[in-house]
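In the numbering used here, the protein residues as written are 2 to 241.
Every residue, glycine too, gets a C-beta built ideally from N, C-alpha and C.
All figures in this text were calculated on a predicted structure; none of them were measured in a lab.
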């Protein structure tokens with residue numbers, strides 16, 4: 002993405018080495034500086050968010066980081082972050098059994114299903130025997146993030162052609178996979194899920210049953226529980 006908030010958090014929690022991978026080189030120094038400014042201005046809030054697991058010594062080093070000039074290089078050196086972009090996350094030039102966590106945060110909804118399977122299979126190769134997949138998938142209509150008049154499931158009314166005309170570009174692409182589809186993706190990638198935390202929006206049940214909402218046939222056979230699920234944390238291990 003355009004920032005590195007997650008890699009910074011992982012470093013503050015004790016990660017020794019972090020690889021952050023993106024299909025496109027979207028990293029923005031301005032956004033990184035904004036994040037670092039926030040950390041400098043609200044260190045107690047950062048401590049609260051990361052709880053007792055945070056390294057106070059590392060946080061102190063981060064607070065002293067010079068934000069002028071080439072802040073990206075200094076940050077990456079301090080936090081031992083390697084930025085790989087543009088890069089194909091299904092073909093990473095790292096040795097097998099070399100990482101502890103294969104992690105993403107609201108990324109998978111922007112990747113075609115067939116590519117997701119390949120990315121997860123590559124994750125299996127990279128993970129050590131006790132390594133884990135940890136992924137948060139956001140199933141909501143992302144147009145609803147900036148417009149309260151749009152429901153989180155609004156885009157389930159469109160057929161594929163209509164949806165692609167609205168969001169079939171590299172900036173707004175969303176695969177519209179539902180939770181059951183994602184479970185199938187993980188299974189096809191030979192990953193056994195050991196923890197699942199789903200967020201359901203109960204208020205969406207009334208919308209689904211109203212005469213003003215019409216599901217596209219692609220989603221019409223899915224359960225109501227599946228349709229009102231707007232995000233899921235998934236933790237899994239490669240199947241051996």
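- 158 is the residue among 172, 158, 235, 191 whose C-alpha sits nearest the C-alpha of residue 214.
- Boundaries of the alpha helix (DSSP H) harbouring residue 114: 114-127, taken from the DSSP string.
- Distances from the alpha-carbon of residue 144 to those of 117, 177, 122 put 177 closest.
- Within its own chain, the residues whose Cβ lies closer than 6 Å to the Cβ of residue 231, once the five positions on either side in sequence are excluded, are 140, 141, 153, 200, 202, listed in chain order.
- Along the region 19-86, the beta strand (DSSP E) occurs as fully enclosed runs of 3 or more residues at 19-22, 82-85, listed in sequence order.
- Per the coordinates, the alpha-carbon of residue 204 lies some 40 Å from the alpha-carbon of residue 86.
- Residues 91 of the same chain have their beta carbon placed closer than 6 Å to that of residue 119, with the five preceding and five following residues left out of the count.
- Cβ atoms of residue 80 and residue 9 come within 8 Å of each other, at about 6 Å.
- For residue 189, no beta strand (DSSP E) segment is defined; the enclosing uninterrupted segment is the alpha helix (DSSP H) at 180-189.
- Per DSSP, residue 9 is one residue of the alpha helix (DSSP H) stretching across 6-13.
- For the pair residue 97 and residue 13, the Cα-to-Cα distance works out to about 25 Å.
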